[in-house]
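Visitor:
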């Protein structure tokens, strides 16, 4: 029979086999082994110590987190969970990209389009037995939504006096636009409503209307202080309804 010792401690008390698997060792610790043949008549003494060997196991999976990190950016942060015998290195894969070696701990900021989910994976690789990997850890985060489109605004104000016209006490219409989505040249109708419905009193004049700008029209209106409503119509819509001051 044989008695096997690891670093001087008996790990197999008696076996007739010429090959045994020793369990219960500590991964990452170097061990030397001796074999002691014995029988009923006594021991033949321990063999010389073997070369040192180091047991190892599957590396522990790393930590990984994913968080939004500003406009259209995702931050991935990882850290090692140690080793299980042999030294390890951390590998990172973002999206459909290739695996790459990275530091044991760190972070990476990734840019993407609005409202896009980005996924990263990490794993630990044994640097001695390079086919020995931890399980993969995957985390995902979504970039921020796009900002709402700028609010379109069209309004009118009372412009200068229509001096030299048939109504010198009247004032011109002035059209203002902000983030107007359909700039172009339009025939603009001016309308008023004194309480009995909308009346068009000037139309057909073509004016360039910008996305952001101001344009004085040719139409004018009086009847100040009577709470009449006014507006302009172009592009198939009525805009800027207001009480004429």
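Residue numbers (our numbering): -11 to 233. Heads up, the beta-carbon is just placed ideally off N, CA and C, and yes, glycines get one too. Because the structure is a prediction, the values reported are computed rather than measured.
Just the C-alpha distance for residue -8 and residue 100, rounded to the nearest angstrom, thanks.
Guide: In a straight line, the C-alpha of residue -8 is about 60 Å away from that of residue 100.
Visitor: Given residue 187, which residues of its chain have a CB within under 6 Å of its CB, disregarding the five upstream and five downstream residues?
Guide: Once the five neighbours on either side are set aside, the close Cβ partners of residue 187 are 180.
Visitor: To test your reading of the DSSP string, which unbroken beta strand (DSSP E) runs of 3 or more residues are found completely within the segment 32 to 61?
Guide: DSSP runs (the beta strand (DSSP E)) wholly in the segment 32 to 61: 51 to 56.
Visitor: Where does residue 227 sit, in a helix, a strand or coil, going by DSSP?
Guide: In this structure, residue 227 counts as strand in the three-state DSSP scheme.
Visitor: Output yes if chain B places a C-beta closer than 8 Å to the C-beta of residue 138; else output no.
Guide: The chain inventory of the structure shown lacks chain B, comprising one protein chain alone.
Visitor: By the 10 Å Cβ neighbour count, where 16 or more other Cβ atoms means buried, how is residue 59 classified, buried or exposed?
Guide: With fewer than 16 Cβ atoms within 10 Å of its Cβ, residue 59 is classed as exposed.
Visitor: Relative to the C-alpha of residue 23, which candidate in 48, 226 and -6 has its C-alpha closest?
Guide: Comparing Cα positions, the closest option is -6.
Visitor: Cα separation between residue 19 and residue 41?
Guide: C-alpha separation (whole angstroms): 5 Å.
Visitor: If you draw a straight line from the alpha carbon of residue -4 to that of residue 105, how long is it in whole angstroms?
Guide: Looking at the two C-alpha atoms, the distance is approximately 56 Å.
Visitor: Could you compute how far the alpha carbon of residue 27 sits from the alpha carbon of residue 47?
Guide: So the two alpha carbons sit approximately 42 Å from each other.
Visitor: Grab me the residues of residue 16's own chain with a C-beta within less than 8 Å of its C-beta, minus the 5 sequence neighbours each way, in chain order.
Guide: 42, 43, 44, 71, 72, 73 and 74.
Visitor: Put residue 1 into one of helix, strand or coil per three-state DSSP.
Guide: Correct three-state label for residue 1: strand.
Visitor: Going by DSSP in three states, residue 68 sits in which element: helix, strand or coil?
Guide: Three-state DSSP puts residue 68 in coil, outside helix and strand.
Visitor: With the cut-off set at 8 Å, would you say residue 170 and residue 223 are in Cβ contact?
Guide: In this structure, residue 223 lies closer than 8 Å to residue 170 by Cβ.
Visitor: Please look up how many angstroms separate the CB atoms of residue 162 and residue 204, rounded, as I've assumed it's under 8 Å.
Guide: So it is a contact: roughly 5 Å between Cβ atoms.
Visitor: Would you decide whether residue 108 is buried or exposed? Buried here means 16 or more other CB atoms lie within 10 Å of its CB.
Guide: Buried: at least 16 other Cβ atoms inside 10 Å.
Visitor: Can you tell which of 102, 103, 94 and 208 has the C-alpha that lies nearest to the C-alpha of residue 110?
Guide: Cα-wise, what sits closest to residue 110 is 94.
Visitor: Hey, would you say residue 157 sits closer than 8 Å to residue 175, going by beta carbons?
Guide: No; because the gap between Cβ atoms is not below 8 Å, this pair is not in contact.
Visitor: What's the gap between the Cα of residue 129 and the Cα of residue 135?
Guide: The straight-line gap from Cα to Cα measures roughly 18 Å.
Visitor: Hey, could you find the ends of the beta strand (DSSP E) residue 168 is sitting in?
Guide: Per DSSP, residue 168 belongs to no beta strand (DSSP E) and is neither H nor E.
Visitor: Could you round the C-beta distance between residue 190 and residue 206 to whole angstroms and report it? I think they count as a contact, below 8 Å.
Guide: Yes, residue 190 and residue 206 are in contact; Cβ-Cβ is about 7 Å, under 8 Å.
Visitor: Excluding the five sequence neighbours on either side, which residues of its own chain have a C-beta within less than 8 Å of the C-beta of residue 233, listed in chain order?
Guide: Same-chain partners within the cutoff: 146, 212 and 213.
Visitor: Going by DSSP, what residue range makes up the beta strand (DSSP E) through residue 207?
Guide: Where residue 207 is concerned, the enclosing beta strand (DSSP E) stretches over 201 to 209.
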